[in-house]
Structures are given as C-alpha cells and as structure tokens.
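Working notes, beginning with the structure itself.
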Amino acid sequence: MGSNSSESGATFALPEGFQDFTRDWSADKQTFQVPWGKAMMWIFLLSDTFIFACFLTSYMNVRMSTRVPWPNPSEVFALSFGGDPIPLILIAIMTFILITSSGTMALAVNYGYRQDRAKTAALMFITAAFGATFVGMQAFEWVKLIVEEGVRPWGNPMGAAQFGSSFFMITGFHGAHVSIGVIYLSVVALKVLKGDYEASGNYEIVEITGLYWHFVDLVWVFIFAFFYLW
Amino acid sequence: MIAHAETTPPARHPLVSFILRWVLTTNHKEIGTLYLCLSFTLFLIAGAMAMIFRAELAQPGLQFITADFYNQMLTLHGLIMVFGAVMPAFVGLANWMIPMMIGAPDMALPRLNNFSFWILPFAFFLLLSSLFMEGGAPNFGWTLYAPLSTTYGPPSTDFLIFGIHLMGISSILGAINIIVTIFNLRAPGMTLMKMPLFVWTWLVTAFLLIMAMPVLAGVVTMMLTDRHFGTSFFEASGGGDPLIFQHVFWFFGHPEVYIMILPGFGIASQIIPTFARKPLFGYASMVYATVAIAGLSFVVWGHHMFATGMPLAAELFFMYATMLIAVPTGVKVFNWVATMWRGSMTFETPMLFAIGFVVMFTIGGFSGLMLAITPADFQYHDTFFVVAHLHYVLYPGAIFATMGAVYYWLPKWTGNMYDERLGKIHFWSAVIGLNLTFFPMHFVGLAGMPRRIVDYALPYAGLNLFTTLGAWMLGLTQLLFLYIVIKTIRGGEKATDQVWESAEGLEWTVPSPAPHHTFDTPPRVE
Ligand SMILES: [Cu+2]
Chain E
1 MGSNSSESGA TFALPEGFQD FTRDWSADKQ TFQVPWGKAM MWIFLLSDTF IFACFLTSYM
61 NVRMSTRVPW PNPSEVFALS FGGDPIPLIL IAIMTFILIT SSGTMALAVN YGYRQDRAKT
121 AALMFITAAF GATFVGMQAF EWVKLIVEEG VRPWGNPMGA AQFGSSFFMI TGFHGAHVSI
181 GVIYLSVVAL KVLKGDYEAS GNYEIVEITG LYWHFVDLVW VFIFAFFYLW
Chain H
1001 MIAHAETTPP ARHPLVSFIL RWVLTTNHKE IGTLYLCLSF TLFLIAGAMA MIFRAELAQP
1061 GLQFITADFY NQMLTLHGLI MVFGAVMPAF VGLANWMIPM MIGAPDMALP RLNNFSFWIL
1121 PFAFFLLLSS LFMEGGAPNF GWTLYAPLST TYGPPSTDFL IFGIHLMGIS SILGAINIIV
1181 TIFNLRAPGM TLMKMPLFVW TWLVTAFLLI MAMPVLAGVV TMMLTDRHFG TSFFEASGGG
1241 DPLIFQHVFW FFGHPEVYIM ILPGFGIASQ IIPTFARKPL FGYASMVYAT VAIAGLSFVV
1301 WGHHMFATGM PLAAELFFMY ATMLIAVPTG VKVFNWVATM WRGSMTFETP MLFAIGFVVM
1361 FTIGGFSGLM LAITPADFQY HDTFFVVAHL HYVLYPGAIF ATMGAVYYWL PKWTGNMYDE
1421 RLGKIHFWSA VIGLNLTFFP MHFVGLAGMP RRIVDYALPY AGLNLFTTLG AWMLGLTQLL
1481 FLYIVIKTIR GGEKATDQVW ESAEGLEWTV PSPAPHHTFD TPPRVE
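Those sequence lines, one after another, are chains E and H.
Everything in the first sequence is counted per my numbering, starting at 1 for the first residue and increasing by one.
Everything in the second sequence is counted per my numbering, starting at 1001 for the first residue and increasing by one.
Right under this line is the structure:
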C-alpha cells in the first residue's frame, strides 16, 4: 500500500514503488494500464533498439580491430563557410534541429491531449519539417562525402575502409527511420486536422507517434556520440 | 455464417470463396490452423531433406548426391526446421490456445495476425525457390557463417536473406500481438500469476523474439551489403572481421534456441498435471525459472565460439554462465518429476509425449553441460556429438512437445477423439526412431567424426548405418501422425467438453469442438 493513496483516500493511484509495481503486475486484467497502440509501439521500439545495437556494436568492433588509422571525424565532417573549415559544424546543426524537433513533438502531444486540433497539427507539421530538414542535410553530407571526399562503402582516401561501410550503413538506416517518421507524422497530422479523432476524443495516436520520434532522436544521440565525437 | 454468405450479393465460385475465407480470415482459430498446416508441410519437406542426406551418409563414399547438393540439403534442412517447422508450430498453438486459455474473445490485433501469417508462405517460397536457381541453393550451413555466405555464397543467397527478413517481420509482429493480447485481454480475475504456464512461457518467448529477431535481421543485412554494396564488415581483406558475424549471429542464435524450447516447457507443464491428476508442483518457481532462462540466454552466446580463440576471461565467463542455465532448467525437470510423483497417472498419447520430452530433453541437457566445459569443447567442437546434443534437445523439446500438444488439444479443436491405439504406435515408433538416429551420433562424435561433411572414414560406417535407418523410420513415422490427424478431423468418437478427466483451465469450459467465437463475454476467474 502506497502511503499517498491511503492519505488522500483515492481509490485509484498511479503505481508507486516496488509494492505497487508488483500489485500492478499481479492485477486483475491490465498490466500497466497501457493501451494496445502504445504497448505495440513500446515493444516495436524494443526490437528496433536491438537492431541499432547490432549495427553500432559491429561498428565499434571494426573500429577497434582496424590496423589502418581511422579517418579523423573532426576533419572529415568539417565544413567551411569561406574561411577555415569548422569541425563538425553541419552535424552540430543537424543534431540541434533534431533535438528541437523533439521539443515541438512534446508540445504537440500536450496540445493533443487538450484536443486543440489546429495547434497539434501545426506542431506536428513543424516537427515533420524539422525532420525533413535533417534528412536534407544528411543527403547534403552524403553527397559531399561521396563526390568531394571520395568516400565509398568499400574504401576512402583518408584511412580505414570500414569507415565508409559503417557510416553509410548506420546513418542510412537512421535516415530511413527519420524519413519514415516524417511520413508518419504528416499522415497523423493530416488526420488530426481533418478531425478523424474527434468522434472518440482520443488523441493517443499523437503520443504514439511521439514515442517513435523521440526514439529516433535518442538513437541519433548515440550515433552522434559514437561516430562523430569518438 | 451461412446466413451471412447468403446476404452478400455476388455469388462467388465455391473455390474462390473457400480461398478468400482462408486468405482474409482474422479469426484466431483459423489463423492457428493455417500456421499449423504450414508448419507441418514444411516439417515434412525439411524432414525429407534430412532423409536424403542421411541416405547419402549410410555408407562412406559418394553414392547418390554430389557434395554440393549435400551441403544445400544440410543448409535448408536446418533453416526450414528452425524457422519453418518449429517456430510457426508454436505460433499456431499460441493462436489457438492463448485466447482460449486467458478467456479472451480473440487475439488483440486480428488483422495484424492475418498479415503476419500470410508473409510466411512467401518467405519460404523465396527460400525454397533457391533450389531451382543457377548455382543452387545456399550451401554454407544454417549458421550462414561469413565469408562462406558473403564472398563464396551462391547468387541465391540473396533470396535467403530476403526470406529471413520476411520471417523476422512475421515473428516480430506475431510476438507483438501475443504480448499485447496477454497484457490487455485477460478475463477478470486472471492475474498474471494465475495464467496457465503455456501462456507464461509464450509471453517470455515473445519478448525473446522481439529482442533476438532484429539482431538476425541486422546481421543478414550486413551480409547483403557485404555481398553487393562493397562494404567489408565481415571481409578480412577489407579490414573487416569475420568473427563479428559469429558474435552477432550467436547473440541471436542462443536466445533462438530458447524461443524453440520455452513453449515446449509450457506444453509439458499443461499436460503432465492433467494425466498425473495433481496440480503442477511449484507453479511460481516454474515462472521464475522461465524468466531466468530467458535472461541468461542473452549472455551465453560465446559457448558456440570457444574454438575461435577468445580471451581466457571470456571463455571462463561463457562457460560458467552456460552452466548456470542448468539450474533453472533443473528446477523445471524437478518440478515435472515431482508433479508425477505419487500421482494417479495414466498414459494417454499426450502424456507419453510429455514424458518422452522430459526424459530425452534431459539427456540433451546433460550433453549440453558437457559441451559447456570449455576444454572439453575443444574436443567435441564441430563433431557429431554437437549434432546429437542439439537434436536431443530440439526433437523432444520442440517436436515431441508440439505433437503432444496436438494430441492433447485436438479433441477440443475438432470435437472428435483421436485413435488412441494409433497414437501410441506413433509415439513408440517415434521414440525408437529418434534414439536410433541420434544416440549413435554421440559415439561417432566422441570418436571424432566431423559434422557437415559428406564423406567419412570407414570406422564410422556401422553406427552411421544405424543412424540412417533410424532417420528413415523417424521420418516415415510422421506420415502416420498426418493420417491420425486427418482421421480425427473427419470423424471419430465424440469428445466431451471436458475431454480429459482432470484437465484444468478455461479452454475446457467451452464446447468441443470450440465454436468459431469463444468468450464473447469474459468469464470470471476465481
Ligand atoms: Cu547456445
């Protein structure tokens, strides 16, 4: 028994502490009070975690076992605006954009639960636009690496051949996730705008979309740390 | 249903409506039937492949097939048995039984359910079509080791890769469906710790699928990019490391073993109490043991790689972690035995299969412990001893358990009792065939006969002949099973709703045969 619920005398209290956790698990019917859609998304994200973990560990393995020097990320990913090249500037902007999009997504979820259709849809479109910008900049980076610096999946002039293998594989897979997320966001935003969820008054789908989007962001943080900062 | 068909305007050809009914069905019972039919078909195909290469191995030297075709048969036998026979069979049983056992009207996501089934025939069509391609089917063993599968793989390897992707999608969607069903659709009063063990083991299995299948998808994707996009993840000449393949593959592979065994544990835990007429001994410890086995399964993959030159610390870790799994598994075996102890037992066919499972699985468990000892493994590695071990674990663990489950629940599904006499004949010939096939492998393995090779030295000849005879017997026996099932579907002694005298659980409260829809209003569990 949580002490809070007995003080307030409420019949329903959010799970708290280990005792409430076990009570929830041994409860009548539902576990965690999670609706189907949200449960599905969480379970899917668990599986997605493992696929990214598979790629990132393989990347770490090739990077540690390589005999040839690994290209220096600060130089490879530098960009110059007329003057000296600034290391990692493009990646920094991309990361900033993606993190910001997580913020707008969180706002959209908030407005969704207040059933403010216009603001929810607007914020979701902004999130999708940020996502599209991110993918656009990633495409720019790919073009720059392929055309100007001669990076290929099978080799590059700067050092270890697996740099290209891992880079295109991991950022490509992540970019595909962002692109799918942009489509997903746009579809849900359109449906919100059209009022498809008015009848049920249930805007949970916004939060489910948000779960996916935050996950894609979180994965980027790992890619950023392991690929660009290492 | 008939009334409904009459109101639909266009009169369809009966064959068309028959096909459409099965293609479009969202009913958990029908989808369960589809899974079981597909699984049994693939079981016969993969079994026939085993009979082909066993015929070749009856004598030393090359008699019937080429070495390359032998390799193709070996590869497809492994892949189809694992992904085509065992896994869909368990998903089929889950579809049939989980909603009925927890008092749910259907699976939580019926359309997803339909989708995850109908991917599978196409996945196996891709895989089997590789047999007819130029260069032949994949021929590098079901473990797909790089660089055999990357640099040296035949062109059809790409079909294998996409087939695996499809199977993975199907498994993950199926697992999501099962978890959501169990978490959200239990009848009032059905708390988690009251769930039948088959449901518990499937819940844990579904989580294993969610975590393991993406890793397999990831590693075959890297294979694909190595083959076609010039990457060199596993290509030593490009600076990659073939050992990563083994690490990632076995990180999937070991949990996969438990995906194929845990539902079998659940089935034994359903059948044994019924025929021992006693409640299951140590229900809670069974649940905890299942979870413990699942957790440990993610930290033992290195035991497949002792011979690859791992650091000593890693070898010790994987050795001890692997041996640790024997503890929860031992708890389970102990509980089954304790359930039977002083029970008033009868030996109907399901019970025979369950006891056969416990006894022979334990033999496989012990040879597993022998293999876990690192210094001993250097001797056993890549010999027929490993083949004996894995078949003693999987044949009783997965196939016997599934067949026991079919005999156990078939009266509920069809409304008819199966032929008990034929069932017993099937069981005993399967047991004799199984031991004749796999027991001699222990000896030839310890004597040093390498696995996966089409030819062998003369001293191994006698025991290999036994193995081949056993394999053919074991294979042909399964046709009897098919006959028994068809005979039961077509008629027979009517089954009561209770079917088995002291069976417990919600599935026995519904009529036999189970109607199209069960539990429209949730039952109350006390
Ligand atoms: Cu293993």
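We put the CB at the ideal spot given by N, CA and C, even for glycine.
Residue span of the alpha helix (DSSP H) that contains residue i, given as start and end
| i | result |
| --- | --- |
| residue 110 of chain E | 89-113 |
| residue 1107 of chain H | Per DSSP, residue 1107 of chain H belongs to no alpha helix (DSSP H) and is neither H nor E. |
| residue 1186 of chain H | Element bounds for residue 1186 of chain H: n/a, residue is neither H nor E. |
| residue 1486 of chain H | 1461-1490 |
| residue 1328 of chain H | 1312-1340 |
| residue 1517 of chain H | Per DSSP, residue 1517 of chain H belongs to no alpha helix (DSSP H) and is neither H nor E. |
| residue 1101 of chain H | 1087-1102 |
| residue 1264 of chain H | 1262-1276 |
| residue 1054 of chain H | 1028-1057 |
| residue 1071 of chain H | 1067-1079 |
| residue 162 of chain E | 162-194 |
| residue 1233 of chain H | Segment: none, residue 1233 of chain H is in no alpha helix (DSSP H) and carries neither H nor E. |
| residue 63 of chain E | 36-65 |
Beta-carbon contacts of residue i that lie in its chain and below 6 Å, excluding the five residues immediately before and after
| i | result |
| --- | --- |
| residue 1219 of chain H | 1248, 1249 |
| residue 1475 of chain H | 1047, 1051 |
| residue 1155 of chain H | 1135 |
| residue 1344 of chain H | 1277 |
| residue 125 of chain E | 189 |
| residue 1395 of chain H | 1434 |
| residue 142 of chain E | none |
Alpha carbon of residue i to alpha carbon of residue j, nearest angstrom
| i | j | result |
| --- | --- | --- |
| residue 1299 of chain H | residue 1372 of chain H | 13 Å |
| residue 1173 of chain H | residue 53 of chain E | 20 Å |
| residue 1024 of chain H | residue 1114 of chain H | 7 Å |
| residue 1278 of chain H | residue 1223 of chain H | 51 Å |
| residue 1001 of chain H | residue 1503 of chain H | Summary for residue 1001 of chain H: the model assigns pLDDT 42, below 50, so the residue's position carries little reliability; its value from the coordinates is reported in the next sentence. The straight-line gap from Cα to Cα measures roughly 31 Å. |
| residue 216 of chain E | residue 88 of chain E | 20 Å |
| residue 183 of chain E | residue 127 of chain E | 11 Å |
| residue 228 of chain E | residue 71 of chain E | 11 Å |
| residue 76 of chain E | residue 1237 of chain H | 24 Å |
| residue 64 of chain E | residue 1235 of chain H | 15 Å |
| residue 1402 of chain H | residue 210 of chain E | 41 Å |
| residue 1556 of chain H | residue 1290 of chain H | Beyond the ends of chain H as shown, which are 1001 and 1526, falls residue 1556 of chain H; an answer cannot be given. |
| residue 134 of chain E | residue 1090 of chain H | 43 Å |
| residue 1084 of chain H | residue 1149 of chain H | 20 Å |
| residue 1096 of chain H | residue 1264 of chain H | 15 Å |
| residue 204 of chain E | residue 1175 of chain H | 22 Å |
| residue 1145 of chain H | residue 1311 of chain H | 21 Å |
| residue 1356 of chain H | residue 1044 of chain H | 21 Å |
| residue 68 of chain E | residue 165 of chain E | 14 Å |
Own chain partners of residue i with C-beta closer than 7 Å, once the 5 adjacent residues on each side are dropped
| i | result |
| --- | --- |
| residue 1499 of chain H | 1411, 1412, 1508, 1512 |
| residue 1196 of chain H | 1101, 1270, 1505 |
| residue 1258 of chain H | 1208, 1293, 1294, 1297 |
Residue environment, residue i, which counts as buried when at least 16 other CB atoms sit within 10 Å
| i | result |
| --- | --- |
| residue 153 of chain E | buried |
| residue 105 of chain E | buried |
| residue 189 of chain E | buried |
| residue 220 of chain E | buried |
| residue 1012 of chain H | exposed |
| residue 1106 of chain H | buried |
| residue 1329 of chain H | buried |
| residue 1034 of chain H | buried |
| residue 1486 of chain H | exposed |
| residue 213 of chain E | buried |
Neighbourhood of residue i by C-beta, 8 Å cutoff - its chain only, sequence neighbours within 5 removed
| i | result |
| --- | --- |
| residue 1451 of chain H | 1382, 1383, 1384, 1386, 1387, 1445 |
| residue 1484 of chain H | 1418, 1419, 1422, 1423, 1426 |
| residue 1308 of chain H | 1243, 1246 |
| residue 74 of chain E | 87, 88 |
| residue 1524 of chain H | 1187, 1188, 1189 |
| residue 1211 of chain H | 1255, 1298 |
| residue 1262 of chain H | 1201, 1202, 1204, 1205, 1208, 1290, 1293, 1294 |
Residues bridged to residue i (per DSSP)
| i | result |
| --- | --- |
| residue 86 of chain E | E/79 |
| residue 1450 of chain H | H/1383 |
| residue 152 of chain E | E/155 |
| residue 1494 of chain H | H/1416 |
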